[in-house]
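To start, the structure itself, in structure tokens.
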Amino acid sequence: MALNGPIVIIDDDDDDRHMIYELLDDLKVTNPVRYFEHGGAAMDYLQTTSESPLLILCDVNMPVMTGLELRDRIDQDPYLKQKSIPFIFLTTSDDLALIKKAYAATIQGYFKKCSDFDSARSDLALMIAYWKRCLHPNHHK
1 MALNGPIVII DDDDDDRHMI YELLDDLKVT NPVRYFEHGG AAMDYLQTTS ESPLLILCDV
61 NMPVMTGLEL RDRIDQDPYL KQKSIPFIFL TTSDDLALIK KAYAATIQGY FKKCSDFDSA
121 RSDLALMIAY WKRCLHPNHH K
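Using full-length UniProt numbering, read the sequence shown as starting at 1 and increasing by one per residue.
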């Protein structure tokens with residue numbers, strides 16, 4: 001995780017990706033953003049990039065590779081596991097069984113997507129501010 005590293009967004013919904021882009025712009029976030037439509041594309045990027053992402057914001061239900069499958073694959077990959085990239089689910093589901101399953105996969109957060117701009121802005125600002133402030137072995141001096 002690098003403080004100025006990219007924010008990785010994984011979501012198959014164009015409208016949701018567009019809203020996140022608008023939110024990041026409104027928050028004046030200067031980190032680059034990497035968008036992927038499914039976990040498979042994100043995994044390819046994560047395994048080949050030299051970048052150290054600030055965090056991963058991932059939907060749960062997607063084609064090709066779900067968010068849970070992606071989280072599991074990251075955890076099984078020694079190179080990615082040592083990067084310790086914060087992994088947060090941002091999804092429409094608030095099903096308790098799914099939330100428990102997600103936390104069993106050692107995620108760092110689970111947020112339900114907000115339907116209104118102000119609430120979504122507040123949640124995203126909180127996530128980014130927390131991980132920029134949090135001490136982390138990959139940016140500790």
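From the three backbone atoms N, C-alpha and C, an ideal C-beta is built for every residue, glycine too.
Values in this document were obtained by computation on a predicted structure and should not be read as measured data.
| query | Any idea what DSSP makes of GLY67, helix, strand or coil? | reply | By 1-based counting over the sequence shown, the position of residue 67 is 67. Three-state DSSP puts GLY67 in a helix.
| message | Ignoring anything shorter than 4 residues, give me the alpha helix (DSSP H) runs that lie fully in the UniProt domain "Response regulatory" (6–128), in order along the chain. | response | 14–26, 39–48, 67–76, 78–83, 96–104
| request: Can you tell me the Cβ-Cβ gap for residue 164 and GLY5, rounded? I've got them flagged as a contact below 8 Å. | output: Outside the modelled stretch of the chain, which goes from 1 to 141, sits residue 164, for which no answer is possible.
| task | Count the C-beta pairs between the region 79–93 and the region 101–108 that are closer than 8 Å, then say yes if the count reaches three, no if not. | result | yes
| field | GLU37 beta carbon less than 7 Å from that of ASP12 | value | Here residue 12 refers to the residue found at position 12 when the sequence shown is read from its first residue. Here residue 37 refers to the residue found at position 37 when the sequence shown is read from its first residue. Contact: yes.
| query | From ALA102 to LEU124, what does the alpha carbon distance come to, in whole angstroms? | reply | Translated into positions along the sequence shown, residue 102 becomes position 102. Translated into positions along the sequence shown, residue 124 becomes position 124. Distance between the alpha carbons of ALA102 and LEU124 is about 19 Å.
| Assuming MET19 contacts ALA129 under a Cβ cut-off of 8 Å, what Cβ separation, rounded to an integer in Å, is found between them? | What you label residue 19 is simply residue 19 of the sequence shown in a count that begins at 1. What you label residue 129 is simply residue 129 of the sequence shown in a count that begins at 1. Incorrect: roughly 19 Å between the Cβ atoms, too far for contact.
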